[in-house]
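Some notes on the structure that comes next.
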Amino acid sequence: MGCDPIILIGVDHRFEFKKGVNDSLSPFQVWKVGARKTVFQSIEGTAIHRFLRTYREVKKQMKKERGESLERTDFWVASDATNPTHFDPRYVSGEAKRFSMPSPEISEKQFDCAHRWATDNDRKILNATPGTALESFPKIDFESLF
Numbered sequence: 031m032g033c034d035p036i037i038l039i040g041v042d043h044r045f046e047f048k049k050g051v052n053d054s055l056s057p058f059q060v061w062k063v064g065a066r067k068t069v070f071q072s073i074e075g076t077a078i079h080r081f082l083r084t085y086r087e088v089k090k091q092m093k094k095e096r097g098e099s100l101e102r103t104d105f106w107v108a109s110d111a112t113n114p115t116h117f118d119p120r121y122v123s124g125e126a127k128r129f130s131m132p133s134p135e136i137s138e139k140q141f142d143c144a145h146r147w148a149t150d151n152d153r154k155i156l157n158a159t160p161g162t163a164l165e166s167f168p169k170i171d172f173e174s175l176f
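Residue numbers for the sequence shown follow the working numbering, beginning at 31 and rising by one.
Rendered as structure tokens:
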């Protein structure tokens, strides 16, 4: 699509939950309860479908290596968070919603992969998120964009 540089905004990469809430988190599967299967079927055969299938396999392998149960799916609800999780509170309010937990170590590997791809293809990915914890990309000042 010719985007160069690609500038990330809003990727703070911080996950803060109340004590006792599982912290193995999944950034790619944030679905309303019951919608996940329908959404996954609707993208069958696409690149994102293949990516999510690969992601699931990587996550299973990492759980296996850590000795964690492969059958358990961990969810969180808005009340589990110690700080706001989204810039717009309407995202987590209203009807009861469950979200899959993010996996920071998996997403970091994927961000690192994106950085390598960009470098190998003479592209730049820059992170302009104020206060970001993501180290995969060079940072630029958000205010410098305007």
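Think of the CB as a built atom: it goes at the ideal place given N, C-alpha and C, for glycine as much as any other residue. Because the structure is a prediction, the values reported are computed rather than measured.
Problem - Buried or exposed (CB count within 10 angstroms, at least 16 for buried), A163 - result: Of the other Cβ atoms in all chains shown, fewer than 16 fall within 10 Å of the Cβ of A163; this residue is therefore exposed.
Handout entry: Span of the alpha helix (DSSP H), counted from its first residue to its last, around I136
Key = Counting along the chain, I136 sits inside the alpha helix (DSSP H) bounded by residues 134-150.
Practice task
Give a single yes or no on whether R96 has its beta carbon closer than 7 Å to a heavy atom of the ligand SAM.
Solution key: Inclusion of the ligand SAM in the displayed structure is not the case, the ligand content being empty and no account of it being possible.
Exercise for the section: Would you mind sorting N151 into buried or exposed? The rule is 16 or more other CB atoms within 10 Å of its CB. Expected result: Flag for N151 reads exposed.
Handout entry: Continuous beta strand (DSSP E) stretch holding L156: start and end
Key = From DSSP, the beta strand (DSSP E) with L156 extends over 155-157.
Practice task
Quick one: residues in its chain with C-beta nearer than 8 Å to the C-beta of L156, no 5 flanking neighbours on either side, listed in chain order?
Solution key: Cβ within range, chain order: P35, I36, I37, L38, F167, P168, K169, I170.
Exercise for the section: Quick one: residues in its chain with C-beta nearer than 6 Å to the C-beta of G97, no 5 flanking neighbours on either side, listed in chain order? Expected result: In its chain, beyond the 5 residues on either side, no residue has a beta carbon closer than 6 Å to the beta carbon of G97.
Exercise for the section: Given a cut-off of 8 Å, decide if F172 and P160 are closer than it, judged by their beta-carbon atoms. Expected result: For P160 and F172, yes; Cβs fall inside 8 Å.
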